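Residue numbers (numbering that gives the first Met the number 0): 0 to 358.
Reviewing the structure listed below.
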Amino acid sequence: MKLVKSYYWVLCLLVIAGLEGCNLPSPSERTPTISVSEAYQTVEARLTQAIKLTSAASAAPPPATSGPATTSPVTAAITSTEPLLTRTESSPSSTPEAMCDQAAPGVPIDVTIPDDTKMQPGESFTKVWRLQNIGTCLWTSDYALVWFSGEKLGAQQSVPLNGKVDPGQIVEISVDMVAPMETGTYQSNWKLRNTNGLLFGIGPGGVSAFWVRIVVVEAPTTTISPTPPATITPTVTPTVMVQVSGAISLQPDDRLDLDTGQVNPGSGEDLAYLASNGNHVLEPIGIAAMAVFGNTQPTLEDCQTISLNADPLNLEGNLVAGMYICYRTNQALPGWVQISGFEADTGALNLEILTWAIP
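And the structure:
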């Protein structure tokens, strides 16, 4: 209502100003001015607009207060349209726990039968993988090596582990296989299975399988070479076969038959593992002989041409893990042995051997 009264006072002042204009100089001496009626109409229009605004602003009832109002009706009618802000606490992200069952390839993972090893049709062999338990769970005999995909190669569907494998420990797992009768390249993929029947392998997340890959080649054939005069001489191309191969673990004073791979058979022994005064040696037995070859795997020709002797080999002074030694057995068969590891707490010596069978 104060705003309405203000507009009435403005109207009165304009009317008085118009009446006084009658005493001003003649029209020829002053500039044109608006008439009283025009001024009245302008003020009336603005007054009407102010009344409408005042009515709209006071339409909402004023809030109840215990004392006199301190704001104008227009100001009291304005309410905030901004949304209320609600603070939410973000939950801390949880750190994922380490996986229970994880495996990593050993060095090397292929203890026997490297990739693309040539095989005769129907040839039997033993594949050995070296794996490491890098998970947080203990592997027991309830865990198993299982066929996953590819060619089965005559192997069992699953092979239980021989014993316990603690986290961080390395284990060698083997399975017996047979080469197919048809020539070609064959790959058999395998994984591990835990006690809940879940499969796991190697690589990130344990999703990758490990495998054995062989190449089956044609069996040797007899070649007939005619020589004059009409004399036929059959020529047979000999095939180099493997007599025995695999992983061997020796304790001090153990003896090894390199022709059969047996430890302490009682006869036919070719190699003795001796420990005395902190020294560990490999010593040939009988007519067996050996010589250090180097860090690369020797061929049959390498072990047949290298100079062998019956001198003992001191492991502390001459040999390191991964070293190859050529030998000749008491049955005159050539082969090699690799030092794969030494366990200082038990004195166990881990070896890989391969003896060729010469026709």
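Cβ coordinates follow ideal geometry from the N, Cα and C atoms, glycine included.
Computed from a predicted model, the values in this text were never measured in an experiment.
Considering only their Cβ atoms, is the gap separating residue 120 from residue 246 smaller than 8 Å?
Within the sequence shown, residue 246 is the residue found at index 247, counting from 1. Within the sequence shown, residue 120 is the residue found at index 121, counting from 1. Not in contact: residue 246 and residue 120 (Cβ atoms no closer than 8 Å).
Identify, in the order they occur along the chain, each residue of the same chain with its Cβ nearer than 7 Å to the Cβ of residue 374, setting aside the five sequence neighbours on each side.
With the chain covering only 0 through 358, there is no way to say anything about residue 374.
Grab me the residues of residue 147's own chain with a C-beta within less than 6 Å of its C-beta, minus the 5 sequence neighbours each way, in chain order.
Here residue 147 refers to the residue found at position 148 when the sequence shown is read from its first residue. For residue 147, where only same-chain residues beyond five positions count, the Cβ hits under 6 Å are 188, 189, 190 and 208.
Would you mind stating whether residue 182 and residue 158 have Cβ atoms separated by less than 8 Å?
Taking the sequence shown and counting its residues from 1, one reaches residue 182 at position 183. Taking the sequence shown and counting its residues from 1, one reaches residue 158 at position 159. Contact flag unset, no.
What three-state label does DSSP hand residue 250 in the structure shown?
Position 251 of the sequence shown, counted from the start, is the residue given in the question as residue 250. Residue 250: coil per DSSP, three-state reduction.
For residue 143, does the count of other Cβ atoms within 10 angstroms reach 16, so buried, or fall short, so exposed?
By one-based count along the sequence shown, residue 143 stands at place 144. That one is buried.
I'd like the list of long-range same chain contacts for residue 264, defined as Cβ closer than 6 Å, with 5 residues on each side in sequence excluded.
In the sequence shown, the residue the question calls residue 264 occupies position 265. Within the same chain, residue 264 has close Cβ partners 256.
Okay, do the region 306 to 313 and the region 277 to 287 touch, 3+ Cβ pairs below 8 Å being the bar?
Judged by Cβ distances under 8 Å, the region 306 to 313 makes contact with the region 277 to 287, as three or more pairs qualify.
With DSSP run on the structure shown, which of helix, strand or coil describes residue 304?
Here residue 304 refers to the residue found at position 305 of the sequence shown. Three-state result, residue 304: helix.
Relative to the C-alpha of residue 273, which candidate in 251, 321, 205 and 178 has its C-alpha closest?
What you label residue 273 is simply residue 274 of the sequence shown in a count that begins at 1. Among 251, 321, 205 and 178, the Cα nearest to that of residue 273 is on 251.
Could you work out which residue in 285, 242, 240 and 248 is closest to residue 347 when comparing CA atoms only?
Here residue 347 refers to the residue found at position 348 of the sequence shown. Residue 347 has its Cα closest to that of 248, out of 285, 242, 240 and 248.
According to DSSP, is residue 273 part of a helix, a strand, or is it coil?
In the sequence shown, the residue the question calls residue 273 occupies position 274. Reduced to three states, the DSSP call for residue 273 is strand.
Identify the residues that DSSP records as bridge partners of residue 334: which are they?
Against the sequence shown, residue 334 aligns to sequence position 335. According to DSSP, which records beta bridges pairwise, residue 334 is partnered with 326 and 354.
What number of angstroms, rounded off, separates the C-alpha of residue 145 from the C-alpha of residue 163?
Here the question's residue 145 lines up with position 146 in the sequence shown. Here the question's residue 163 lines up with position 164 in the sequence shown. Each residue's Cα considered, the two are about 17 Å apart.
Could you check whether the region 106 to 124 touches the region 168 to 183, counting it as contact only if at least three pairs of C-beta atoms, one from each stretch, sit closer than 8 Å?
The region 106 to 124, when compared against the region 168 to 183, does touch it at the 8 Å Cβ threshold.
Buried or exposed for residue 333, please, with buried defined as at least 16 other CB atoms from any protein chain shown within 10 angstroms of its CB.
For the purposes of this step, residue 333 is identified with residue 334 of the sequence shown, where counting begins at 1. Residue 333 is buried by the Cβ-count criterion.
So, residue 130 versus residue 104, is the Cβ gap smaller than 8 Å?
For the purposes of this step, residue 130 is taken as residue 131 along the sequence shown, with counting starting at 1. For the purposes of this step, residue 104 is taken as residue 105 along the sequence shown, with counting starting at 1. In contact: residue 130 and residue 104 (Cβ atoms closer than 8 Å).
Nearest-angstrom Cα distance between residue 171 and residue 262?
Locating residue 171 in the sequence shown gives position 172, counting from the first residue. Locating residue 262 in the sequence shown gives position 263, counting from the first residue. If I take the Cα positions, the gap works out to 18 Å.
Which residues mark the beginning and the end of the beta strand (DSSP E) in which residue 171 is found?
Walking along the sequence shown from the start, residue 171 turns up at place 172. Unbroken beta strand (DSSP E) run through residue 171: 169 to 177.
Do residue 253 and residue 269 count as a contact pair if the criterion is CB distance below 8 Å?
Against the sequence shown, residue 269 aligns to sequence position 270. Against the sequence shown, residue 253 aligns to sequence position 254. Taking 8 Å as the Cβ cut-off, residue 269 and residue 253 do not qualify as a contacting pair.
Who are the near neighbours of residue 285 in its chain, counting only those whose CB is closer than 6 Å to its CB and skipping five residues on each side?
Sequence index remark: in the sequence shown, residue 285 carries index 286 (1-based). Once the five neighbours on either side are set aside, the close Cβ partners of residue 285 are 329.
Identify every run of the beta strand (DSSP E) within the region 119 to 146, keeping only runs that are complete inside it and at least 3 residues long; order them along the chain.
Qualifying beta strand (DSSP E) stretches, in chain order: 123 to 132.
What is the DSSP secondary structure of residue 349, reduced to helix, strand or coil?
Within the sequence shown, residue 349 is the residue found at index 350, counting from 1. Residue state, collapsed to three classes: strand.
Across which residues does DSSP place residue 218 in a beta bridge pair?
By 1-based counting over the sequence shown, the position of residue 218 is 219. Answer by DSSP bridge pairing: none, since residue 218 is not bridged.
As a quick exercise: from 303, 197 and 341, pick the residue whose alpha carbon is nearest that of residue 99.
If you number the sequence shown from 1, residue 99 lands on position 100. Measuring from the Cα of residue 99, the nearest candidate turns out to be 197.
Could you tell me whether the Cβ atoms of residue 315 and residue 336 are closer together than 8 Å?
On the sequence shown, position 316 is the one that residue 315 refers to. On the sequence shown, position 337 is the one that residue 336 refers to. No; because the gap between Cβ atoms is not below 8 Å, this pair is not in contact.
Who does residue 256 pair with in a DSSP beta bridge?
Start at 1 with the first residue of the sequence shown, and residue 256 comes out as number 257. Note: residue 256 sits in a beta bridge opposite 261.
Pick helix, strand or coil for residue 203, following the three-state DSSP scheme.
Walking along the sequence shown from the start, residue 203 turns up at place 204. Residue 203 falls in the helix class under three-state DSSP.
Could you tell me which of 243, 102, 173 and 296 sits nearest to residue 165, measuring between CA atoms?
Locating residue 165 in the sequence shown gives position 166, where the first residue counts as 1. The candidate whose alpha carbon is nearest that of residue 165 is 102.
Could you check how far apart the C-beta atoms of residue 289 and residue 307 are, in whole angstroms? I think they sit under 8 Å.
Taking the first residue of the sequence shown as position 1, residue 289 is located at position 290. Taking the first residue of the sequence shown as position 1, residue 307 is located at position 308. That pair is a contact at about 6 Å.
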